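Written below as structure tokens is the structure these notes are about.
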Amino acid sequence: MIQNKNQPKHQLLAADLRERIASGQWLEGEPIPSETELCAQANASRGTVRHALATLRSEGLIAGGQGKPPVVAHAVRSQSFSTFMSFTEWAHSVGRTPGQRTLELARRPATEEAAGQLELEPGTMIVQVLRLRLLDDTPAMIERTSFAPDAGRLLFDFDTDSGSIFNYLREQGVDLSRGKHIIDAVAADGEDSTLLQVPAGTPLLRERRITSSSTGEVKEYSDDRYLPHLANFTIENTIEERAAFTRAPSLALQSF
């Protein structure tokens, strides 16, 4: 995988550790090197190492902690919650450079549809964002997101062209703990066509997402439309386990 050297060091280290597991250098059940050893190997701070290990732990690749040395749990990487919810983190995880252009950030009365999804009364003032998301400066996805008032008001103090709204809101203490996703296909409308630079009617992959707090309070509703040759979604399951649902680069993207 192509590594973007502008990525944060903990992401580069996580990618390196992930590759060691995937290649069989570290086998399932084996302990991984200590934090001290990893610091020396990567010429990294202990904080960077711990951040990288936390990423692998969230992906289910390593187990342990709380006084127990980490060991390899699985050789197949699953998608962490934050990476699936954040386009920015997902793009970094597949070695691409994310970008965004904010076309609209506005406070307005909720339509009946938006109010229904956010579990608010119609006419409640909400915050809506329209952004074009980029991969390596190429249009890849249109993001139309409606936010509940308490979360949305924070965006007026954030440069929405600078990166992940999801990560920013979590840093501000917004509880974004649960995501419900509906995936289907739609034809590009006039706005989609213009922004994604494709003919009207082009099939797009649509992800509709409702994000709520740990107590079930809805914070966000988004209608995201992807060019399907740049991204798709994968479900993996077994008889024993529930499906693990992931966003994945398409074969066309992997061949770049």
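When the letters of the sequence shown are read in order and numbered with this note's numbering, they come out as residues 1 to 256.
Where a beta carbon is used, it is the ideal one built from N, C-alpha and C, also for glycine.
Predicted model only: the values in this text are computed from it and were never measured.
query, result
"For Val71 and Asp192, the rounded distance between their alpha carbons", "46 Å"
"Where Glu104 falls: helix, strand or coil (DSSP)", "strand"
"For Ser58, the first and last residue of its enclosing alpha helix (DSSP H)", "46-58"
"Outcome for Thr145 when other beta-carbon atoms lying within 10 angstroms are tallied against a minimum of 16", "buried"
"Whole runs of the beta strand (DSSP E) within the segment 165-237, excluding any shorter than 3 residues", "178-187, 203-212, 218-226, 231-236"
"Helix, strand or coil at Arg20 according to DSSP, with G and I counted as helix", "helix"
"Counterpart residues of Glu143 in DSSP-defined beta bridges", "Arg131, Asp224"
"Inter-residue CB distance, Ala73 and Leu17 (contact presumed, cutoff 8 Å)", "Not really, about 13 Å apart at Cβ, beyond 8 Å."
"CB of Thr102 within 7 Å of CB of Asp189, strictly", "no"
"Assigned secondary structure, Pro69 (DSSP; H/G/I helix, E/B strand, else coil)", "strand"
"DSSP three-state assignment for Ala264, whether helix, strand or coil", "In the structure displayed, the chain extends from 1 to 256; residue 264 sits before or after that span and is not available."
"Nearest-angstrom Cβ-Cβ length linking Lys219 and Phe147, presumed shorter than 8 Å", "7 Å"
"Sheet register partners of Ala63 (DSSP bridge)", "Val71"
"Given Pro98 as reference, the closest of Ser34, Leu135, Gln197 once Cα atoms are compared", "Leu135"
"Proximity to Ile62 [Cα-Cα], best of Cys39, Pro33, Ala44, Glu89", "Pro33"
"Spatial distance of Arg20 from Phe166 (CA atoms)", "29 Å"
"Whole-Å CB distance - Gln128 paired with Arg108, under 8 Å assumed", "6 Å"
"Cβ separation of Gly163 and Thr48, assumed to be a contact under 8 Å, to the nearest whole Å", "That belief does not hold up - the Cβ atoms of Gly163 and Thr48 are roughly 19 Å apart, past 8 Å."
"Among Glu37, Thr138, Arg57, nearest to Gln197 - alpha-carbon criterion", "Thr138"
"Residues bridged to Pro109 [DSSP beta-bridge criterion]", "Met125"
"7 Å Cβ shell around Glu119 - same chain, five flanking residues per side excluded", "Val218"
"First through last residue of the alpha helix (DSSP H) which encompasses Ala156", "One detail in the question is off: residue 156 reads as Phe in this sequence, not Ala. Element bounds for Phe156: n/a, residue is neither H nor E."
"Where the alpha helix (DSSP H) through Trp90 begins and ends", "87-93"
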